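92 is the number of the first residue of the sequence shown in the numbering used here; add one for each residue after it.
Note that CB positions come from ideal geometry on N, CA and C, so glycine has one too.
The structure presented is a predicted model; accordingly, all values stated were derived computationally and were not measured.
Single-structure report; data block below.
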Amino acid sequence: LLKEGKQPIAFEQDKDGKFVEEHDPTVGRAVPKFNIPTCPYARTHKRLFQKARQSKEKLVRAEPADLEEDTANKIPPTPVKASFARVNVDGDHPFGAAFINIFRKDMQPFPGSNNV
Numbered sequence: 092l093l094k095e096g097k098q099p100i101a102f103e104q105d106k107d108g109k110f111v112e113e114h115d116p117t118v119g120r121a122v123p124k125f126n127i128p129t130c131p132y133a134r135t136h137k138r139l140f141q142k143a144r145q146s147k148e149k150l151v152r153a154e155p156a157d158l159e160e161d162t163a164n165k166i167p168p169t170p171v172k173a174s175f176a177r178v179n180v181d182g183d184h185p186f187g188a189a190f191i192n193i194f195r196k197d198m199q200p201f202p203g204s205n206n207v
């Protein structure tokens, strides 16, 4: 997604475009550093999760405002045609949640006739 689809996923990169890495104790190795506060997908999914919790077991769709750029927090717009979520369980954590993103044609990682 990041390279082929030119997605604005918030992995930190150095001046040469290489990923900045940090040690992840869960997997026991270095992984690309992810900046959640500036990730458009994290922002959109957080908003959708809150909406889906209010309509348990129903598919909810992101409003246009959920996808817009947030200049104050330096978050780019979420580059999708549509984004959806559904939850099946109560709680503050997205366990049992499903998120669906329909990429804009210019942001598909591997454009072709098989993408819908």
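Beta-bridge partners of residue i, as assigned by DSSP
i      : result
ASP181 : None; ASP181 has no bridge partner.
PHE125 : PHE102
ASP197 : Answer by DSSP bridge pairing: none, since ASP197 is not bridged.
ALA176 : VAL151 and PHE190
Limits of the unbroken alpha helix (DSSP H) element including residue i
i      : result
ASP157 : 155-158
ALA133 : 131-145
Proximity below 7 Å, CB of residue i to CB of residue j
i      : j      : result
THR135 : ALA163 : no
PRO131 : PRO155 : no
ARG195 : PRO170 : yes
ASN179 : GLU148 : yes
ALA143 : ARG177 : yes
Span of the beta strand (DSSP E) around residue i
i      : result
PHE194 : 188-194
GLU113 : 112-115
Nearest-angstrom Cβ-Cβ length linking residue i and residue j, presumed shorter than 8 Å
i      : j      : result
LYS172 : ILE193 : 5 Å
PHE175 : LEU158 : About 12 Å; that fails the 8 Å criterion.
Among the options, the one whose alpha carbon lies nearest that of residue i
i      : options                           : result
PHE102 : LYS137, VAL118 and VAL122         : VAL122
ASP115 : GLY108, LYS124 and LYS109         : LYS124
ASP183 : MET198, GLU160, LEU139 and PHE201 : LEU139
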